Amino acid sequence: MNFINTIFTNFLQFLPKWFVKPFAKPYVAGIKTEEVLKTVKDLNDQGFSATIDILGEFVNNKEEARTVKDQYSQIIRAIKEKGLDSTISVKLTHMGLDLDFTFCKNLMNELCQEAKICDVGITIDMENSPYTSNIYKIYKSAAEKFEKVGAVMQAYLHRSIDDLKSLNNSNLILRICKGIYNEDPSIAIKNKKEINKNFKLLVQTILDGDGYACIATHDIKLINEIDEWISDKNISKDRFEFQVLYGVPMAKTLNSLKSKEYKITVYVPFGSSWYDYSIRRLKENPKIISYVLKNIFKK
Ligand code: FDA
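The opening residue of the sequence shown carries number 14 in my numbering; numbering runs sequentially from there.
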């Protein structure tokens, strides 16, 4: 199936946007800010929290990076003004990490100051491995000034458990996910069972300490195993939440988690870069093609 996915993905990039749109549409909450805010309001009305992501990564110059930061600032203010239950999620290469580390760090600090005034949380997404160390450095610096900033940790990376130990502080907020990039076997676990084992270890390490764990996965078996561990350990509900990507059909599991009064956050991406972003992600992880097709036929 992987081979067919790869051929299909390579073929996809030569097709017009109107053809690719059905593949991206279920996962992207529109192009304009008003559209994403409306989606967040609908999610809130259904009892979900949200986190808003402006699609994109790797800007060409500092002006572009600043424009992205300004767009996030506008979203932060709108979240406050409209009383929405939402945080934001940012990719640091979208704010110039690839161009200039210090510039990006300063921009992130500015964003944190604005988020602090509006009391809106921020999570820093994790990107591919050349950026891991610098992303954690910026996260650490931001977390010293703003208590509602978190980062993402990828369970497929061998280094993650050491990173977790070195990050451990009293207001640690970490979103644990499996990891989406195609990393080299020398640094990343490739076996699904082993990734899941590490995922659980990371979540348990956070919760055995003082941190807050965002459990970001659609793997129902993994969710159930973690839920069982949490119940056995009697972990307080204000120490963790479950998180899913917008558009991934998870209704049954989410309803069951909701019935236990767990917090559930939906990650909602939007923006004009949906096409480039979708193609890049599909190329990176052709498995998504089979998820999308499976979901289309499930409906
Ligand atoms: P797995 O890949 O085993 O999928 C389990 C099942 O979920 C599949 O069988 C399928 O049915 C369904 N599914 C999963 N993904 C789907 C999709 N895209 N479309 C349709 N169905 C899908 N990664 C990263 O490297 N850096 C990051 O910052 C983030 N941030 C992030 C935030 C949040 C809230 C989530 C949920 C995920 C991320 N990820 C991420 C992505 C993550 O690393 C991982 O690639 C995906 O979540 C898929 O892995 P699962 O844990 O869902 O398991």
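Ideal placement from N, C-alpha and C gives every residue a C-beta, glycine not left out. Predicted model, so just to flag it, every value in this text is computed and none were measured.
Start-to-end residues for the beta strand (DSSP E) that takes in Glu160 = Note, Glu160: premise wrong, no beta strand (DSSP E); not H, not E.
Measuring from the CB of Asp138, is there a heavy atom of the ligand FMN at a distance below 8 Å?
-> Inclusion of the ligand FMN in the displayed structure is not the case, the ligand content consisting of the ligand FDA alone.
Residues near Phe159 by beta carbon distance below 8 Å, same chain, minus five either side = Cys125, Gln126, Ala128, Lys129 and Ile135
Would you mind sorting Gln87 into buried or exposed? The rule is 16 or more other CB atoms within 10 Å of its CB.
-> exposed
As assigned by DSSP and simplified to three states, the class of Pro282 = strand
Using beta-carbon positions only, say whether Asp98 and Val281 come within less than 9 Å of one another.
-> no
Find the nearest neighbour of Phe71 within the set Leu50, Asp58, Gly109 and Thr46, judged by alpha-carbon distance.
-> In this structure, Gly109 is the residue among Leu50, Asp58, Gly109 and Thr46 with its C-alpha nearest to the C-alpha of Phe71.
Can you grab the Cα-Cα spacing for the pair Lys312 / Thr230, in whole Å?
-> A caution first: Lys312 carries a pLDDT of 42, below 50, which makes its placement in the model unreliable, though a value can still be read off. Between Lys312 and Thr230, the C-alpha separation is close to 21 Å.
Would you check if there are 3 or more beta carbon pairs closer than 8 Å linking the stretch 90-97 to the stretch 106-123?
-> no
Ranges of the alpha helix (DSSP H) found wholly within the stretch 34-87, counting only runs of at least 4 = 46-58
Given Tyr288 as reference, the closest of Ile20, Lys38 and Ile189 once Cα atoms are compared | Lys38
Have a look at Thr80, Tyr144, Val165 and Gln256 and flag the residue whose alpha-carbon is nearest the alpha-carbon of Asp232.
-> Gln256
Bridge partners - Thr115, DSSP secondary structure assignment | DSSP output for Thr115 lists no bridge partner at all.
So which of Ala201, Lys82, Ile248 and Asn195 has the shortest CA-CA distance to Tyr169?
-> Ala201
Coil, strand or helix - Met121 by DSSP = helix
Nearest-angstrom Cα separation, counted from Leu187 out to Ser102 | 12 Å
State yes or no: is the C-beta of Cys125 nearer than 8 Å to some heavy atom of the ligand FDA?
-> no
So does Leu235 have its beta carbon nearer than 8 Å to some heavy atom of the ligand FDA?
-> yes
So what does DSSP say about Thr136, is it helix, strand or coil?
-> strand
Let me know the secondary structure DSSP gives Thr145 once reduced to three states.
-> helix
Per DSSP, which one or two residues make a beta bridge with Ala201?
-> Leu170
Report the rounded CA-to-CA distance for Lys95 versus Leu50, giving the unit in angstroms.
-> 9 Å
What residue range is occupied by the uninterrupted beta strand (DSSP E) comprising Ile193?
-> Careful: Ile193 lies outside any beta strand (DSSP E) and carries neither H nor E.
Any idea if Asp12 is buried or exposed, counting beta-carbon neighbours within 10 angstroms, 16 or more meaning buried?
-> In this structure the chain extends from 14 to 312, so residue 12 is not present and cannot be described.
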